[in-house]
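Those sequence lines, one after another, are chains A and B. Under the working numbering, residue 706 is the last one in the first sequence; the count climbs by one each step, no gaps. Under the working numbering, residue 706 is the last one in the second sequence; the count climbs by one each step, no gaps.
There are 2 protein chains.
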Amino acid sequence: MLTDLDSPEQGEPVAAGPVGLAAVFEPRRVALVGASDQPGKMGELFWRNLSSFPGEVIPVTASAATVDGRPAYPTLSDVDGEIDLAVVVVPAPAVPGVLRDAAAKGVRAAVVISGGFAETGPEGARLQDEMIAAAHDGGVRVVGPNCFGIQNCDLPLNASMAAGEPLGGGGITLATQSGAYGMAIYALGLDERTRFAKVYAAGNKADIADAEVLRYLRADPASRTLCFFLESLPDGRAFYEEARLTTPHKPVIVAKTGRSAAGARAALSHTGALAGRGAVGRAAFAQAGIIEARTGLEMMDVARALDAQPPPAGPRVAVITNSGGTGVELADLLAEEGLEVPELSAALQRELRACLPAFASARNPVDMTPVWTRFAELYPMLVERLARSGEVDAVVPVLLQRSAVDEQVAIGVRDAVARLRADGVPVPVYVCWVAPRAARPNADLLAEAGVPCFDWPERSARALGHAARYGRARFEVRPPRPAPPRPAGLPLLAPGVLDPGAGGALLGAFDIPTVESVICETADGAAAAAVGLGFPVVAKALHPELVHKSDRGGVRVGLVDHGDVQAAASELLDLAPGGRVLVQRQASGIEVVVGGIRDPQFGPAVMVGLGGVLVEVLGDVAFALAPLRADEARRLVERLQGFAALTGARGREAVDLDALARVVCAVGDLLVAVPEVAELDLNPVLATAAGCVAVDWRVMVSGT
Amino acid sequence: MLTDLDSPEQGEPVAAGPVGLAAVFEPRRVALVGASDQPGKMGELFWRNLSSFPGEVIPVTASAATVDGRPAYPTLSDVDGEIDLAVVVVPAPAVPGVLRDAAAKGVRAAVVISGGFAETGPEGARLQDEMIAAAHDGGVRVVGPNCFGIQNCDLPLNASMAAGEPLGGGGITLATQSGAYGMAIYALGLDERTRFAKVYAAGNKADIADAEVLRYLRADPASRTLCFFLESLPDGRAFYEEARLTTPHKPVIVAKTGRSAAGARAALSHTGALAGRGAVGRAAFAQAGIIEARTGLEMMDVARALDAQPPPAGPRVAVITNSGGTGVELADLLAEEGLEVPELSAALQRELRACLPAFASARNPVDMTPVWTRFAELYPMLVERLARSGEVDAVVPVLLQRSAVDEQVAIGVRDAVARLRADGVPVPVYVCWVAPRAARPNADLLAEAGVPCFDWPERSARALGHAARYGRARFEVRPPRPAPPRPAGLPLLAPGVLDPGAGGALLGAFDIPTVESVICETADGAAAAAVGLGFPVVAKALHPELVHKSDRGGVRVGLVDHGDVQAAASELLDLAPGGRVLVQRQASGIEVVVGGIRDPQFGPAVMVGLGGVLVEVLGDVAFALAPLRADEARRLVERLQGFAALTGARGREAVDLDALARVVCAVGDLLVAVPEVAELDLNPVLATAAGCVAVDWRVMVSGT
């Protein structure tokens, strides 16, 4: 990649070098600040690791005149010629000075390995700020600090603590915030013969945020499968937006730790109480087509599945086994992942039975029984026939028992998969590997050829489940709908909770239907308004202190005549002195809650849930970021546990789901278009076959 | 164990030998029928495997005069002296003859390895029946057929296909129905240095059912931790009853495959439709304190956790790590298992900080940071201090990074745990192992010393979750309540659905409250009855064809006077000509569904759920086997997703949970005491703070 660039003349300035993350991953000339040739020193480890870099590596150190026989420069400023990337391993207090030198020198980027910054407390945070300020003064972009470094495995460029020359030739790029765990994930990945494209340790993320990394990798052809191991995601919205553009083309797999600590946000209102950042974040990932892995291992497993094989185009899996028990266990686990192990067609079963022993089953799982002597013949044959059958979307041979994990079977399966790939058959093959350690070299043989092997049915099913979800998501994630404009003439709203009338008008501006209502000051007025609306009506107490009207008897339903309304309104006015009464035509339908919030990390989001016990006791709600497309709103509603209540379960009326989806979209649009609206709560919306109407709403405007 | 029995004189009859499974696991003299010394033959593999048996092994074969230099007998009948156990490896068609010989000879038990029986179809099933009949004629108990054999690792007795001399000295006994997968689980267990007490391959289970195996193992002191890998459990009830007696003393871990195929039972009525065998079976396991593992690997992991370490006495876990990211991931996973990673007390944190490096965290996870040179000192010290602190119930050191998985750290942790065990500290230690393959010998070093090592946080958290659940369950599972007697004078009920009056009387006999009701033939009669009951009342159409009355408008509520009732009753009688009208005092409360069913595998069981959308749309129901103890009924209700709806969530009334538990117990008692009742449905029961009352019920009596 650098062949025509890798030997710039020393001292001769080069016109246009790489900038930003390109300077990090594809530098022409690298300086190692803190270089050393003394074993045991970090500077020596990096010097050794950088030795395979095809470009020039310049040792910078004030402690020695030479490093490994090469003349060393005391500072970056002393180096002749342009430097694209500085790798910094000096102690923290010296780092700001190094970055000042780098800025003065015009270095494009620095990878700061050194720890002792924000992760150690306020003093370290100040040092970090000083370092970043120095870097930015000269346009130096910074990776880290407190990280284990970066690799571009294809160059190769190993500017990391992980020893050895990277293998290259793989498509998996690992970006990790966790240092030690990220290194372990990487090292154990190599153990399983995983090939990486790039490795990026984000450390304290003092300069470059995750969304910028994702943007770079989206455009990087070598990075075909993107893994992010994250501890925090402060730029959640930008990451979401980048991911939406990425996932139709390449998988983005995120393992986000700290889930259990999430959700502690204080409850201000109904919708707010049900939110919690964790839920919004997970919803945003799903909406962007991101594969959310629970752990680092799961992240790597699905990356291995997707990088070397086509993603499954559907949920149908063929299982090939020599052990009924293992096949059934795997089928159970696949079902729990939402996948199917369908019975094969009669014709295909006939065809397979002709090749199988007498008591074998060709139904699926295809169980050849323990015919040890025929494993090397049957496994590859079955893999190929099933993949070419058109009846399944993925094939999982279970390699179990000594004769099934021997070299001949592994070679046979490897070659069968190679033929499938050569012929463009779009059906992936993953091996479920249940074998003693001694057989490991045969799993490696498969993995090296791009046939992923997952130990035990658990890992196989989990990886396949994620792969299949990605196979679907990459077609579902489409360009976002443009955000709608602010309604013409809408003035800046004043902070506080909007009056129901003003709130209703705002909703109306976004075509959100609200039930016909009149706000009244007196009981007589209420009764007169009711006559105008038509009976039966509902009367509700209006007072700023009544957040949940129904909790304190502030709602009277089924008022059928003038006298009813007058009496009820009079009591309601007594209930909250100084308040008013809202009279509404009484509507009916299935209660749905639709809300809008602004998440601190992910921005405007909508929430939908079924009313009553489902939302209140079970918290059965679903979130999505706004603005939403109509198809996204529809899928959001379908995700509810109680969705069947909207489609006519047990004699209920099937509601107009498109109308409900329109309300959900409109709430999102309102949040996007009117940024001073902090929170919005339609509770309930009554849904019927004829449409949806909000009968109670609350619009909260934030202070400026 | 057999030291004084292992050399009976040939030909001299022994007075009282072992019988049943004792003859299988502790035989004095074993015959191998089908013995051979020709490599590649099954008879040779078993001959070799049996060679370590300290008692006598007698070769039986018609194909050779000697086996391995020992004189062979043509048939069992030709052998002199008593035989406790025959191991049979001849082809299926010859097996019935062998068992006839065994019966004639007085052999106590046979392990039939041979396949070709019921697993192959109707012809094989006939052969299997013939074999079992022959065996039973002479009181021969049979393991298998179609199994990989048995082991008593302590003797050792290896009458199985798994080559090599068993290690012995472990407490894990593995009973497996799956042959090949069971063998793989066993072999991979040995790979991880797991020590077994006994191995039992059940094969086709033609004679000995799982409950009998469990009963034997319950009394076997060598078997401390019992694992069952099951594909079917036809004697579910007996297994449940044995398990209830076992789990307070030793863990029973079951992996039951075929879950995804379960639940296909046809829906006959409301309760029936919501049941499905899978749900009842899982409920029975939980009620008996059985640990249900999803997979064979999970089963072995929790067995490893429980066999060598005391079970956790509570949910509090200390995590020790050198990597923040791994600690957070593990904490997330532990939270998902219902466990806690509590912040340590200020005093303990102070004490720990005094020993830890500057930027370490002593909060929990205790993160020592990557101070490689101090790992061998800090890990053992922290393990011991935390286990002795009284602040946690389990300790998980995360061994990650090269210097944390080296021999010195492993030895240090091993010795720290040995000190804890020697001092009787009841806090288990499990290692979370994240290391390249090359470090494996150090994990083995720990495992061999009884400190289980689980690869990656996933497996660690899962095993610990199960272990903690067992730690609680072993105190919760108490002797069952004796089944109540049939009510004195109750005649045998006639098949069909009981009349509401008769049904109400039957419920009354078990103190199940029902709402005051009168059955009427005419509208006038209904109106008169209503006056007697007091208004408001409810009127319901009664007709055998109306199973769900409310589905077809057959229920009228809120009838407030004589005229109301007369009009409603008249319409209801028109709705279902030939029917009657049930008039009830109108009750209110939270709707609960309580049902009783007879599960084909598990017998009488009760179901409880919250009424309305929770049960109808979400299927939020819980099952338990009858009879139940009051505390079990209470926990059953607490397991409902929507339980909070019963305890006063969001302004609701908190109901009398003890009264509800009494109804649940009584429904179970009725099922047990009146065996002709096939199914019982109280839907709804109205629950209030003042008690519970059934307002609609349906009792179905089975034909004889």
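For glycine and all other residues, C-beta sits at the position ideal for the given N, C-alpha and C. All figures in this text were calculated on a predicted structure; none of them were measured in a lab.
Candidates the options, of which the one nearest residue i by Cα
| i | options | result |
| --- | --- | --- |
| A/W458 | B/G45, B/S65, B/G172 and B/G184 | B/G184 |
| B/G329 | B/A310, B/V436 and B/D212 | B/V436 |
| B/P147 | B/L308, B/K107, B/A211 and B/D446 | B/A211 |
| A/G172 | A/Q153, A/A186, A/A165 and A/Q179 | A/Q153 |
| B/E393 | B/E339, B/A315 and B/G527 | B/A315 |
| A/Q130 | A/V596, A/N366, A/A137 and A/A120 | A/A120 |
| B/V21 | B/R416, B/E214 and B/V419 | B/E214 |
| A/E450 | A/G565, A/L402 and A/A307 | A/A307 |
| A/R387 | A/L620, A/V321 and A/F604 | A/V321 |
| B/D622 | B/A628, B/E194 and B/G614 | B/G614 |
| B/L508 | B/E84, B/G118, B/M370 and B/L672 | B/L672 |
| A/V679 | A/P497, A/L612, A/H564 and A/R631 | A/P497 |
| B/L630 | B/A290, B/P454 and B/L402 | B/A290 |
| A/F377 | A/A356, A/A364 and A/P399 | A/P399 |
| A/V109 | A/P95, A/D222 and A/V90 | A/V90 |
Residue burial classification, residue i (beta-carbon count within 10 angstroms, cutoff 16)
| i | result |
| --- | --- |
| A/F287 | buried |
| B/R439 | exposed |
| A/P76 | exposed |
| A/Q588 | buried |
| B/T5 | At B/T5 the pLDDT is 41, less than 50, meaning the model places this residue with poor confidence and gives no usable figure here. |
| B/L494 | exposed |
| B/P1 | Any answer about residue 1 of chain B is impossible in this case: the structure gives chain B only from 3 up to 706. |
| B/Q643 | buried |
| A/P367 | buried |
| B/W374 | exposed |
| A/S53 | exposed |
| A/T259 | buried |
| A/D82 | exposed |
| A/F456 | buried |
| B/F230 | buried |
| A/Q40 | exposed |
For the stretch 231 to 247 of chain A, enumerate the residues whose C-beta is nearer than 8 Å to any C-beta of chain B, in chain order. F231 and E233
Residues of the stretch 189 to 204 of chain A with Cβ closer than 7 Å to any Cβ of chain B, in chain order: Shown in chain order are the members of the stretch 189 to 204 of chain A whose Cβ falls below 7 Å from a Cβ of chain B: A189, L190 and D193.
For a minimum of 4 consecutive residues, which ranges assigned as the alpha helix (DSSP H) are wholly contained in the stretch 171 to 217 of chain A? 181 to 193
Tell me which residues of the stretch 417 to 441 of chain B have at least one Cβ-Cβ distance to chain A shorter than 9 Å, keeping chain order. V436, A437, P438, R439 and A440
Report the start-end ranges of each beta strand (DSSP E) in the stretch 550 to 587 of chain B that is 3 residues or longer and not cut off at the edges. 557 to 561 and 582 to 587
Beta strand (DSSP E) runs contained entirely in the stretch 436 to 481 of chain A, provided each spans 3 or more residues: 455 to 457
Quick test of the definition: if touching needs 3 or more C-beta pairs under 8 Å, does the stretch 56 to 71 of chain B touch the stretch 29 to 39 of chain B? Contact between the stretch 56 to 71 of chain B and the stretch 29 to 39 of chain B is present, with at least three C-beta pairs closer than 8 Å.
At a cut of 8 Å, does the stretch 509 to 522 of chain A reach the stretch 573 to 589 of chain A through at least three beta carbon pairs? yes
Runs of 4 residues minimum, wholly inside the stretch 488 to 517 of chain B: which ones carry the alpha helix (DSSP H) assignment? 502 to 511
Closer than 7 Å, Cβ to Cβ, to anything on chain B: give me those residues from the stretch 354 to 379 of chain A, in chain order. F361 and P372
Check distances from the C-beta atoms of the stretch 175 to 187 of chain B to those of chain A and list, in chain order, the residues that come in under 9 Å. T178, Q179, S180, G181, A182, Y183, G184, M185, A186 and I187
Inter-stretch contact at 8 Å, needing at least 3 Cβ pairs: the stretch 242 to 249 of chain B / the stretch 155 to 167 of chain B: no
Start-end ranges of the alpha helix (DSSP H) lying completely within the stretch 82 to 167 of chain B, minimum 4 residues: Secondary structure remark: continuous alpha helix (DSSP H) runs of at least 4 residues inside the stretch 82 to 167 of chain B, in chain order: 97 to 107 and 124 to 139.
What are the residues in the stretch 497 to 522 of chain A lying within 9 Å of chain B by C-beta distance? none
For the stretch 67 to 80 of chain A, list every residue whose C-beta sits within 9 Å of some C-beta in chain B, in sequence order. Of all residues in the stretch 67 to 80 of chain A, none is placed with a Cβ closer than 9 Å to any Cβ belonging to chain B.
Tell me whether the stretch 461 to 474 of chain B and the stretch 285 to 302 of chain B touch, counting them as touching only if at least three CB pairs, one residue from each stretch, are closer than 8 Å. yes
Indicate whether the contact test is met: 3 or more Cβ pairs, each with one atom in the stretch 678 to 691 of chain A and one in the stretch 653 to 663 of chain A, closer than 8 Å. Taking a cut-off of 8 Å for Cβ pairs, the stretch 678 to 691 of chain A and the stretch 653 to 663 of chain A touch, as three or more such pairs fall below it.
Listed in chain order, which residues of the stretch 459 to 470 of chain A have Cβ atoms closer than 8 Å to some Cβ of chain B? Going along the stretch 459 to 470 of chain A in chain order, one finds P459 and E460 with a Cβ nearer than 8 Å to chain B.
On the three-pair Cβ rule with 8 Å, is the stretch 555 to 568 of chain A touching the stretch 599 to 618 of chain A? No, they do not touch.
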